[in-house]
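Protein chains in written order, with this note's numbering: chain B, 1 to 187; chain D, 1001 to 1187; chain R, 2001 to 2187; chain L, 3001 to 3187. See structure below.
There are 4 protein chains.
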Amino acid sequence: MNGGKKLKVAGIAGSLRQGSFNRAALQAAIELQPPELDIEIVELGQLPLYNDDIRVEGYPPPVHAYREKIRASDGVLFATPEFNYSVSAPLKNAIDWGSRIPDPPYAGKPAAMISASVAPLGGVRAQYHLRHMCVSLNCFVMNTPQIYIGDAAKKFDSSLKLTDAALRAELAKFLAAFRDYILRLQR
Amino acid sequence: MNGGKKLKVAGIAGSLRQGSFNRAALQAAIELQPPELDIEIVELGQLPLYNDDIRVEGYPPPVHAYREKIRASDGVLFATPEFNYSVSAPLKNAIDWGSRIPDPPYAGKPAAMISASVAPLGGVRAQYHLRHMCVSLNCFVMNTPQIYIGDAAKKFDSSLKLTDAALRAELAKFLAAFRDYILRLQR
Amino acid sequence: MNGGKKLKVAGIAGSLRQGSFNRAALQAAIELQPPELDIEIVELGQLPLYNDDIRVEGYPPPVHAYREKIRASDGVLFATPEFNYSVSAPLKNAIDWGSRIPDPPYAGKPAAMISASVAPLGGVRAQYHLRHMCVSLNCFVMNTPQIYIGDAAKKFDSSLKLTDAALRAELAKFLAAFRDYILRLQR
Amino acid sequence: MNGGKKLKVAGIAGSLRQGSFNRAALQAAIELQPPELDIEIVELGQLPLYNDDIRVEGYPPPVHAYREKIRASDGVLFATPEFNYSVSAPLKNAIDWGSRIPDPPYAGKPAAMISASVAPLGGVRAQYHLRHMCVSLNCFVMNTPQIYIGDAAKKFDSSLKLTDAALRAELAKFLAAFRDYILRLQR
């Protein structure tokens, strides 16, 4: 398995607010990840709003750092809220900065996605827009299992710890499947 | 017709770069609009990256001003590039700031969309994500005619004036249809 | 109100099986409709699989009859299952037969959609594909309210009567909104 | 390479008409395929319109035969027209019959898609709905290259032979990429 090294996974949380359930879901993923994975959350809040005039002058340091973190990863785990039936603006912004040639850092990466929402549907519409974007990024998105965390406020406690037992088990299984998926694509 | 007043249309360009073909398409729309329309471009570059913690403290002045311009309009004309098969990050950001309750400013507005791209497909995938977002905004998007400006670099000159005669005619017709559509929904 | 005549609504159930929850949802809609509406279920099972060679020879009688029922309606109410994250094949088949020029019968009609599924998400992905198709049909789809009937097996009894009280109230409200929407577009 | 055996690819043409450009595109693919591929067109016209009551009584022989052809393949090549911004009804019908458990035949297959249309956009909206459906089928769809055959009537001759030289080269390259993609996933 990869020479004993852990698989580095870039965790991308689409929401910038402190109390984000999607960030909390990534924290839960870190807690529940199998020993072969090493999920690290990549911050998006410091990226400027995408402007191609900025890009042609050279990536600002936060954009450069972000792109290199994606590049150094063995896989990407997106956690996205659903805003207006799509991914959030900060996630779209990160995707747009991350897609530019030459050497687009997402290209060829295995990817998986989860979504959390206080509404019952759990962000399903956001995931299906994100899957389209991932074709453009040339990521290889895991088909199944899928996780939609609806009614999120009932599944995390006030310190944003994932407390729903069924969901904890489901997330652990999801992460094990993602590990297997990354390893399959690395062969 | 609306008591003789012009119909105010908020023009939303999804690209922030100076030489944007989508901004240029809105300029062409201003040039070609029927006398009943008054399209004004609304700037998006000054909006902060969406963060719900900012929202709960109160809209920053640029967000407030943006929302009020949308609210004061009789209709919205989106001009979006296609980035990663969806709308651009600045447009998604504007949509997310513009959708928040109470009093979401897009709700109930007639809307139309165009897209321009240097690639041949002209942004069609972005338009179909945007149509989903407009359901969430509760805009009423015109079904037809539709405009996809592919190979944009051949259709505007070096000063970003729309020079393609067929497209100029098509855009004028599109804007007349949008005028009729707004008036129909105002009855 | 329309000269006292009822508003004729074509009810389109995307599933052909006898025990379909989507057909049952349309039956519930008939039961719960406001007095101004007259929903009639249009059968789709007798339509041949779409083949353009058949079309050019002339619509077979079931296709012709189907198109005329849509044409005679004041609005369309779709009830679709979700198969493979989209509408069912019988519904897609009906849409394709119903879209052909000249005189496409769906053009300009107000439309609304519901979906039922034994799975928890209630068909949301099908609705968002269907909304795209309705742009092509040039239907005017109501934005809101929206109904996704998840866990359908718990909401209908063994005789397929809708028994969930909250959902009955929600459906009645949905149908009243659709009535208002049709009337608004008829002005 | 697979022990010297050819890779069997099921070619799925979404249009039933005799003069279909999508079927013609599959014929061109057969002509231009690399020596390692063996594309065979799977017929869809004999499948009944999907009805779950039929399924529970047992697959009719044409459905069974179709499912076994998919199962026996090493990969799937879809060629879809765009009808109402989505795949055609016959293709959706084939997908729905092909997705049913137990032992869904598409699960785990590498897949690629092309689309042909007499309109300029070449079926791009159909491909993006089809990509969603393929997540449900648990196919692994190649991200890139992509082929959209717009203005199809100019690219095939009257005997439906693909005559456009640039497109022939593009299709050959696409098929070589698909061969490599299948082999990668078989490791």
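Heads up, the beta-carbon is just placed ideally off N, CA and C, and yes, glycines get one too. Since the model is a prediction, treat every value here as computed from it, not as a measurement.
Chain-ordered neighbours of residue i on chain D, where CB pairs are closer than 8 angstroms
i, result
"V42 (chain B)", "Going along chain D, no residue has its Cβ under 8 angstroms from V42 (chain B), so there is no contact; the nearest lies around 15 angstroms."
Residues that residue i contacts on chain D, provided the C-beta gap is smaller than 7 angstroms
i, result
"R2187 (chain R)", "R1187"
Simplified DSSP assignment, three categories, for residue i
i, result
"N1181 (chain D)", "It is Tyr, not Asn, that sits at residue 1181 (chain D) in the sequence shown. Helix at Y1181 (chain D)."
"L2171 (chain R)", "helix"
"P3090 (chain L)", "helix"
"K2006 (chain R)", "coil"
"A2153 (chain R)", "helix"
"M2001 (chain R)", "The predicted model places M2001 (chain R) with a pLDDT of 47, which falls under 50 and marks its position as unreliable; any figure quoted below should be read in that light. Note: M2001 (chain R) maps to coil in three-state DSSP."
"M142 (chain B)", "coil"
"V2118 (chain R)", "coil"
"E2040 (chain R)", "strand"
"L3077 (chain L)", "strand"
"P35 (chain B)", "coil"
"Y3106 (chain L)", "coil"
"I1012 (chain D)", "strand"
"Y148 (chain B)", "strand"
"A3072 (chain L)", "coil"
"A165 (chain B)", "helix"
Minimum Cβ-Cβ distance from residue i to chain R less than 7 angstroms
i, result
"L37 (chain B)", "no"
"V63 (chain B)", "no"
"S3159 (chain L)", "no"
"S3115 (chain L)", "no"
"A3112 (chain L)", "no"
"K3092 (chain L)", "yes"
Residues that residue i contacts on chain B, provided the C-beta gap is smaller than 7 angstroms
i, result
"S1083 (chain D)", "Sequence inspection shows Phe at residue 1083 (chain D); the Ser mentioned does not correspond to that position. The answer, in chain order, is D96."
"S1073 (chain D)", "Residues of chain B passing the Cβ test: none, with the nearest at roughly 18 angstroms."
Within 7 angstroms, strictly: CB atoms of residue i and residue j
i, j, result
"L130 (chain B)", "V87 (chain B)", "yes"
"L3162 (chain L)", "A3028 (chain L)", "yes"
"N3093 (chain L)", "A2089 (chain R)", "yes"
"D53 (chain B)", "Q1018 (chain D)", "yes"
"E82 (chain B)", "S117 (chain B)", "yes"
"L1188 (chain D)", "A1013 (chain D)", "Outside the shown range of chain D (1001 to 1187) lies residue 1188 (chain D), about which nothing can therefore be said."
"D3164 (chain L)", "K3173 (chain L)", "no"
"S115 (chain B)", "G123 (chain B)", "yes"
"N1138 (chain D)", "N2138 (chain R)", "no"
"I1070 (chain D)", "N84 (chain B)", "no"
"I2039 (chain R)", "G2011 (chain R)", "yes"
"P3110 (chain L)", "I3182 (chain L)", "yes"
"A3153 (chain L)", "T3080 (chain L)", "no"
"K1008 (chain D)", "D1074 (chain D)", "yes"
"G1150 (chain D)", "P1120 (chain D)", "yes"
"V2063 (chain R)", "L2047 (chain R)", "yes"
Amino acids of chain L, ordered along the chain, whose beta-carbon sits closer than 8 angstroms to that of residue i
i, result
"G2191 (chain R)", "What the structure shows of chain R is the stretch from 2001 to 2187, and residue 2191 (chain R) is not part of that stretch, so it cannot be assessed."
Partner residues on chain R for residue i, Cβ-Cβ distance less than 7 angstroms
i, result
"R3018 (chain L)", "This sequence places Gln at residue 3018 (chain L); Arg is not what is there. Residues of chain R passing the Cβ test: D2053."
Within-7 angstroms CB hit, residue i to chain D
i, result
"A89 (chain B)", "yes"
"K109 (chain B)", "no"
"S99 (chain B)", "yes"
Under 8 angstroms by beta carbon: chain B residues contacting residue i
i, result
"N1022 (chain D)", "What N1022 (chain D) touches in chain B: nothing, since even the nearest Cβ is about 11 angstroms away."
Any chain L beta carbon closer than 7 angstroms to residue i
i, result
"M2001 (chain R)", "No answer about M2001 (chain R) holds up, because its pLDDT of 47 lies below 50 and its placement is not dependable."
"K2069 (chain R)", "no"
Contact test: residue i Cβ vs the ligand FMN heavy atom, cutoff 6 angstroms
i, result
"P1060 (chain D)", "Here there are no bound small molecules, and the ligand FMN is not part of this structure."
Beta-carbon neighbours of residue i, restricted to chain D and to distances below 9 angstroms
i, result
"K5 (chain B)", "Near K5 (chain B) there are no residues of chain D at all, since even the closest Cβ is about 30 angstroms away, more than 9 angstroms."
"K8 (chain B)", "Ordered by position in chain D, no residue passes the 9 angstroms Cβ test against K8 (chain B), which lies about 23 angstroms from the chain."
*Going along the stretch 118-145 of chain B in order, which residues come within less than 9 angstroms of chain R, judged by CB to CB distance?*
From the stretch 118-145 of chain B, only P120, L121, G122, V124, R125 and Y128 have a Cβ closer than 9 angstroms to chain R.
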